[in-house]
């Protein structure tokens with residue numbers, strides 16, 4: 001196993017910035033973008049739930065349909081790739097979705113019953129989301145942000161720019177994409193979007209809080 005040099009990783013983090021102006025003539029090679037998507041797929045998630053799907057919106061007409069509901073941002077047209085990350089709805093411990101997760105792990109009999117008991121306690125007692133549809137969706141959406149962060153970081157490591165997007169009308173975007181048959185709105189909902197491409201101009205340096213302000217060591 002070959003690991004990255006720490007300095008190279010830090011440099012990539014300093015270079016990475018939310019890119020709001022892309023070179024519309026440059027496209028990310030398929031091999032590179034599949035690598036970015038694979039980072040999302042391989043990301044960790046709470047209790048291994050993987051409550052996500054990744055929609056890669058390359059259709060120009062569809063991009064135009066959702067653009068008015070995404071604050072009219074020009075990157076809907078100029079970014080090389082747009083990914084809409086969906087979050088699973090009603091991902092309860094006793095749902096078919098979780099049953100399939102346990103099937104995939106090969107859990108049967110007593111081991112399966114123990115896992116279900118753990119998941120029930122977690123959702124019902126530990127984080128208190130079991131009986132609230134919105135809370136279940138918010139929990140699933142949190143997991144998608146882990147995948148999002150990994151995709152953006154991995155992109156920066158190979159010189160690909162990105163910008164996460166929360167500034168859009170969620171209901172309208174959900175309705176448009178669902179009407180296109182891209183997902184079942186009773187099972188999935190839009191969590192977040194992200195554009196990818198190559199910046200066409202320099203981006204000003206980050207203004208982050210200093211290390212001592214955000215880190216506390218408790219010994």
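Residue numbers (full-length UniProt numbering): 1 to 219. We treat Cβ as the ideally placed atom computed from N, Cα and C, and that holds for glycine.
Exposure of residue i, with buried meaning 16 or more beta-carbon neighbours within 10 Å
i, result
"residue 151", "buried"
"residue 98", "buried"
"residue 7", "exposed"
"residue 177", "buried"
"residue 133", "exposed"
"residue 14", "exposed"
"residue 19", "buried"
"residue 174", "buried"
"residue 1", "exposed"
"residue 96", "exposed"
"residue 50", "buried"
8 Å Cβ shell around residue i - same chain, five flanking residues per side excluded
i, result
"residue 23", "78, 197, 198, 199, 200"
"residue 120", "93, 94, 130"
Sheet register partners of residue i (DSSP bridge)
i, result
"residue 161", "197"
"residue 18", "162"
"residue 52", "87"
"residue 47", "For residue 47, which the question treats as bridged, DSSP gives no partner whatsoever."
"residue 188", "88"
"residue 82", "195"
Best match in the options for proximity to residue i [C-alpha to C-alpha]
i, options, result
"residue 92", "178, 86, 131", "131"
"residue 32", "117, 160, 57", "160"
"residue 228", "29, 48, 192", "What the structure shows of the chain is the stretch from 1 to 219, and residue 228 is not part of that stretch, so it cannot be assessed."
"residue 183", "139, 114, 84, 211", "84"
"residue 208", "122, 82, 181, 17", "17"
"residue 34", "72, 158, 51, 106", "158"
"residue 164", "135, 175, 195", "195"
"residue 52", "202, 212, 189", "189"
Sequence-distant residues of its chain with Cβ nearer than 7 Å to residue i (five each side left out)
i, result
"residue 44", "146"
"residue 59", "none"
"residue 48", "101"
"residue 54", "37, 40, 83, 85"
"residue 124", "130"
"residue 115", "102, 107"
"residue 57", "63, 82, 84"
Chain-order list of residues whose beta-carbon lies under 6 Å from that of residue i (same chain, five-residue window excluded)
i, result
"residue 65", "176"
Short CB-CB distance (under 8 Å) between residue i and chain D
i, result
"residue 75", "The structure shown contains no chain D, having only a single protein chain."
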